[in-house]
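The sequence shown begins at 142 in the working numbering and counts up one residue at a time. Quick reminder that beta carbons are idealized off the backbone N, C-alpha and C, glycines included.
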Amino acid sequence: MYYDIAFILITIIWIILGNSKLKLNPLFVIFLACILLGILLNLSATNISFDIFNGFISVSKKIGLLIFFGVIIGICLEKSGATEIISIGLIKKLSFLPITYIINLIGFLISIPVFCDAAFIILSSFSKKISELTKNSKKTIAVALSTGLFATHVLVPPTPGPLAAAASLDLKNIFLLFVCGGIFAFFLSLIGGFYSQKFIQETKTISEENLKVLISGMSTKKTMSFNLASSPVWIPLVIMSLNPIVPSKINILTSPAFALFIGAIISIYLSIKNIKFKKLLLISLKQSLPIIGITGMGGGLGQIIKNIDVVSWFSEIDGFTSLGIIIPFLISASLKTAQGSSTVAIVTSASIIYPMLSVFGLDNELGKTLAILSIGVGSMTVSHANDSYFWVVSQFSGMDVSTTYKTHTVATLFQGIFGIIILFIIYKVIVFFN
Numbered sequence: 142m143y144y145d146i147a148f149i150l151i152t153i154i155w156i157i158l159g160n161s162k163l164k165l166n167p168l169f170v171i172f173l174a175c176i177l178l179g180i181l182l183n184l185s186a187t188n189i190s191f192d193i194f195n196g197f198i199s200v201s202k203k204i205g206l207l208i209f210f211g212v213i214i215g216i217c218l219e220k221s222g223a224t225e226i227i228s229i230g231l232i233k234k235l236s237f238l239p240i241t242y243i244i245n246l247i248g249f250l251i252s253i254p255v256f257c258d259a260a261f262i263i264l265s266s267f268s269k270k271i272s273e274l275t276k277n278s279k280k281t282i283a284v285a286l287s288t289g290l291f292a293t294h295v296l297v298p299p300t301p302g303p304l305a306a307a308a309s310l311d312l313k314n315i316f317l318l319f320v321c322g323g324i325f326a327f328f329l330s331l332i333g334g335f336y337s338q339k340f341i342q343e344t345k346t347i348s349e350e351n352l353k354v355l356i357s358g359m360s361t362k363k364t365m366s367f368n369l370a371s372s373p374v375w376i377p378l379v380i381m382s383l384n385p386i387v388p389s390k391i392n393i394l395t396s397p398a399f400a401l402f403i404g405a406i407i408s409i410y411l412s413i414k415n416i417k418f419k420k421l422l423l424i425s426l427k428q429s430l431p432i433i434g435i436t437g438m439g440g441g442l443g444q445i446i447k448n449i450d451v452v453s454w455f456s457e458i459d460g461f462t463s464l465g466i467i468i469p470f471l472i473s474a475s476l477k478t479a480q481g482s483s484t485v486a487i488v489t490s491a492s493i494i495y496p497m498l499s500v501f502g503l504d505n506e507l508g509k510t511l512a513i514l515s516i517g518v519g520s521m522t523v524s525h526a527n528d529s530y531f532w533v534v535s536q537f538s539g540m541d542v543s544t545t546y547k548t549h550t551v552a553t554l555f556q557g558i559f560g561i562i563i564l565f566i567i568y569k570v571i572v573f574f575n
């Protein structure tokens, strides 16, 4: 059994080296990891191929459409100018808060349909203008935005990471993950906002005069209301929330795939004048297929790992099961820090953790959701120079590398530490009452 655990560690080391040092395509790295682990476990070529294929198909068919529709929504919101309208709308509604928290919550909401790196680029000029108008430092506003975007990106579907983890851990209730992940990401986002407000620079509320200047300088003319601009996000939520009350014969109409399909249709309607449908499909496929491939290959790795009886081995270790929710975090944080990609950290961690769920008492729907949140928090701990998001934040905020380390990187560490503490307390409370 010790050899089997060593083989898993060797596989993890390969994934880290392949991504961070050799700079290989993550899909290729995980594919080779599957083969490497299969060979180390003395599996036949037929069994290795069979496991990779089965795992890949199993995960891809669960999340493929979800990721594809999510990507369409994100692209359309960007092209239609809806992201800017949502941002202005939130500033109006939350003008009683310090601007740091408003920007932070804008990031939290926008990152539900838009990938965090793309969203930061889209909102960078907007955040710089706010910084100039309110006379706050750019780094304060930038970190408030980056932490808000990051929290949602690693915790809330339909972003790829949480969906991949849900597929790998065989979580069927995606809406439960959306609700729990959304609430948890909201608090983690505010932790990032608090860090920016208290440890970088304290900001004040935005004045009505500055708000008018900001609105007048919008690059997108207001052609839609806040509710319409945000409808591709909230309408799918409403549809999924109806699942418990609709008859079982038509519950497919409240499934996550159908809900996001409706969201995608609405978003296409909003952007129909801004991007041709054929071009939209090509861009969406270009962005979604690599992610689906990586997550699917993570399913293949998970299938190979199932050949190891990790449950009996870990069950014999005194005190190990009491760590429960901490282990997924530690694995994910180690992978994130070592190789940089949050998605790869989530996919790999979920594949490793799945056989251990019963040991930790996390093999029910709520337990799997908590495990995914633990993996998600780990995958944001920490963002530094081997993370593409780190460079997006640095370059589009105008911060040098040293400043980005002292602000953005430390802020993600702050979020990660407080996030796992909060999650551990929740886990212990649930265990106590059960």
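Would residue i be called buried (16 or more neighbouring beta carbons within 10 Å of its own) or exposed?
i    : result
K220 : buried
V297 : buried
A147 : exposed
H526 : Checking the displayed sequence, the identity of residue 526 turns out to be Ala instead of His. Label assigned to A526: exposed.
E273 : exposed
E343 : exposed
P301 : buried
V570 : exposed
A186 : exposed
F144 : This sequence places Tyr at residue 144; Phe is not what is there. Y144 is exposed by the Cβ-count criterion.
S348 : exposed
I154 : exposed
T436 : buried
S180 : In the sequence as displayed, the identity of residue 180 is Ile instead of Ser. It is exposed - the Cβ of I180 has fewer than 16 other Cβ atoms within 10 Å.
K414 : exposed
T364 : exposed
F574 : exposed
S341 : The question names Ser, yet the displayed sequence has Ile at residue 341. Buried, by the Cβ-count rule.
N277 : buried
F256 : buried
I157 : buried
F537 : buried
I445 : buried
F191 : exposed
On a CA-only basis, which of the options is nearest residue i? Give me that one, please.
i    : options                   : result
K313 : T510, K419, I563 and L163 : T510
T478 : S185, I432 and V523       : V523
L366 : G323, F191, P469 and T224 : Just to set this straight, residue 366 is Ser in the shown sequence, not Leu. It is T224 whose Cα lies nearest to the Cα of S366.
P254 : P377, I244 and K202       : P377
Y530 : T484, Q428, I151 and I558 : T484
L182 : F537, N448 and A486       : N448
K547 : L401, I226, K414 and Y336 : Y336
T395 : S236, F501, I380 and L290 : I380
F316 : A398, L290 and N245       : A398
T544 : F209, L177, A283 and I149 : A283
L310 : L514, D528, I563 and Y568 : L514
K269 : K339, G560 and G539       : G539
I432 : V200, A400, I324 and K414 : V200
L564 : I494, D504 and L464       : L464
L352 : S492, K234, L150 and L177 : K234
L238 : K345, A512 and L163       : K345
L430 : L476, L369, L286 and F210 : F210
Quick one: residues in its chain with C-beta nearer than 6 angstroms to the C-beta of residue i, no 5 flanking neighbours on either side, listed in chain order?
i    : result
W292 : Here residue 292 is Ala; the residue named in the question, Trp, does not match the sequence. If we look at A292 and ignore the five residues flanking it on each side, its Cβ neighbours are A326, L329 and S330.
I213 : A405 and S425
K232 : The question names Lys, but residue 232 is Ile in the sequence shown. I243.
A400 : P377, I380 and M381
G443 : G196, S309, S492 and Y495
A260 : I251, S252 and L290
If I measure Cβ to Cβ from residue i and keep anything under 7 angstroms in the same chain, skipping five residues before and after, which residues do I get?
i    : result
I356 : I229
Q556 : T288, A292, L329, I332, G333 and M521
I577 : Nothing about residue 577 can be read from this structure; the chain reaches only from 142 to 575.
L554 : T522 and V523
I176 : I189
D586 : Since the first residue of the chain shown is 142 and the last is 575, residue 586 is not available in this structure.
Taking 7 angstroms as the cut-off, is the beta-carbon of residue i closer than that to any non-hydrogen atom of the ligand FMN?
i    : result
Y242 : By its list of ligands, the structure shown contains no ligand whatsoever, and the ligand FMN lies outside what it can speak to.
Output needed for residue i: all residues of its chain with C-beta closer than 8 angstroms, excluding positions within five of it in sequence on either side, in chain order.
i    : result
I566 : none
N392 : N384
G508 : L498, F501 and G502
I403 : I376, P377 and I380
V582 : No answer is possible for residue 582: it lies beyond the span of the chain, which begins at 142 and ends at 575.
**Study point:** Entirely enclosed alpha helix (DSSP H) segments - the region 378 to 461, minimum 4 residues
**Key:** Runs found: 397 to 411, 418 to 446 and 451 to 456.
Exercise for review: Within the region 307 to 381, note down every full alpha helix (DSSP H) run reaching 4 residues or more, in order along the chain.
Suggested key: Runs found: 315 to 336 and 349 to 357.
Exercise for review: Please determine if the region 241 to 260 and the region 465 to 477 are in contact, where contact requires at least 3 C-beta pairs separated by less than 8 angstroms.
Suggested key: No, because fewer than three Cβ pairs between the region 241 to 260 and the region 465 to 477 fall closer than 8 angstroms, the two stretches do not touch.
Practice item. For the region 186 to 195 and the region 376 to 387, state whether three or more C-beta atom pairs, one from each stretch, are separated by less than 8 angstroms. Key: Too few Cβ pairs lie closer than 8 angstroms, so no.
Check your understanding: Can you list the alpha helix (DSSP H) stretches of 4 or more residues lying completely in the region 143 to 231, in chain order?
Key -> Whole alpha helix (DSSP H) segments, 4+ residues: 143 to 157, 167 to 181 and 186 to 221.
Review point. Can you list the alpha helix (DSSP H) stretches of 4 or more residues lying completely in the region 481 to 535, in chain order?
Key: As far as the region 481 to 535 is concerned, its whole alpha helix (DSSP H) runs of at least 4 residues are 483 to 494, 498 to 501 and 506 to 519.
**Study point:** contact_flag[the region 166 to 180, the region 259 to 279] where n(CB pairs < 8 angstroms) is 3 or more
**Key:** No, the region 166 to 180 is not in contact with the region 259 to 279.
Review point. Taking contact to mean at least 3 C-beta pairs separated by less than 8 angstroms, is the region 411 to 422 in contact with the region 200 to 219?
Key: For the pair of segments examined, the region 411 to 422 was found to touch the region 200 to 219: the number of CB pairs separated by less than 8 angstroms reaches three.
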